[in-house]
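Scroll down for the structure; my scribbles are underneath it.
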Amino acid sequence: AFSPSDVLKALKEIAIASKNLDSCHRDAINLGNKEYEEKILKDLKTREVLSCPTQKFYKINVRLFKEWLLIN
Numbered sequence: 080a081f082s083p084s085d086v087l088k089a090l091k092e093i094a095i096a097s098k099n100l101d102s103c104h105r106d107a108i109n110l111g112n113k114e115y116e117e118k119i120l121k122d123l124k125t126r127e128v129l130s131c132p133t134q135k136f137y138k139i140n141v142r143l144f145k146e147w148l149l150i151n
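Going from the sequence shown to our numbering is simple: count from 1 and add 79.
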């Protein structure tokens with residue numbers, strides 16, 4: 080299982096990095112441990128929270144959730 084705060088931090092970083100775009104590059108997501116980050120991203124993709132429109136780019140699937148992350 081993942082720390083909820085780490086998952087939220089990853090999602091917030093994606094929301095911020097993709098604020099003016101549809102998606103963000105993988106390099107914008109940094110929790111300090113690439114292997115751990117990959118596991119979180121894979122889990123979020125499996126649960127359809129994220130999608131990968133192109134390789135190494137991540138998109139939050141629910142726009143309203145992305146907007147919520149930007150203000151909270």
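A virtual CB, placed ideally from N, CA and C, is assigned to each residue, including glycine. Keep in mind it's a predicted model, so treat the numbers as computed, not measured.
- prompt: Which same chain residues, not among the five before or five after Thr-133, have their C-beta less than 8 Å away from its C-beta?
  reply: One-based indexing of the sequence shown puts residue 133 at position 54. Excluding sequence neighbours, Thr-133 sits near Ser-102.
query: Quick one, are the C-beta atoms of Ala-107 and Glu-127 less than 7 Å apart?
result: Position 28 of the sequence shown, counting from 1, holds the residue named residue 107. Position 48 of the sequence shown, counting from 1, holds the residue named residue 127. Against a cut-off of 7 Å, the Cβ pair of Glu-127 and Ala-107 comes out as no contact.
- request: Please confirm whether Val-86 and Ile-119 have their CB atoms less than 7 Å apart.
  value: Taking the first residue of the sequence shown as position 1, residue 86 is located at position 7. Taking the first residue of the sequence shown as position 1, residue 119 is located at position 40. Cβ atoms of Val-86 and Ile-119: closer than 7 Å.
- prompt: What residues are listed by DSSP as bridge partners for Lys-135?
  reply: Stepping through the sequence shown from its first residue, residue 135 is reached at position 56. Beta-bridge pairing links Lys-135 to no other residue.
message: Quick check: what's the CA-CA separation for Asn-112 versus Phe-136?
response: Position 33 of the sequence shown, counting from 1, holds the residue named residue 112. Position 57 of the sequence shown, counting from 1, holds the residue named residue 136. Using only the alpha carbons, I get a separation of about 18 Å.
Residues near Ser-97 by beta carbon distance below 6 Å, same chain, minus five either side: Counting from one through the sequence shown, the residue named residue 97 turns up at place 18. Excluding positions up to five away in sequence, the list reads Cys-103.
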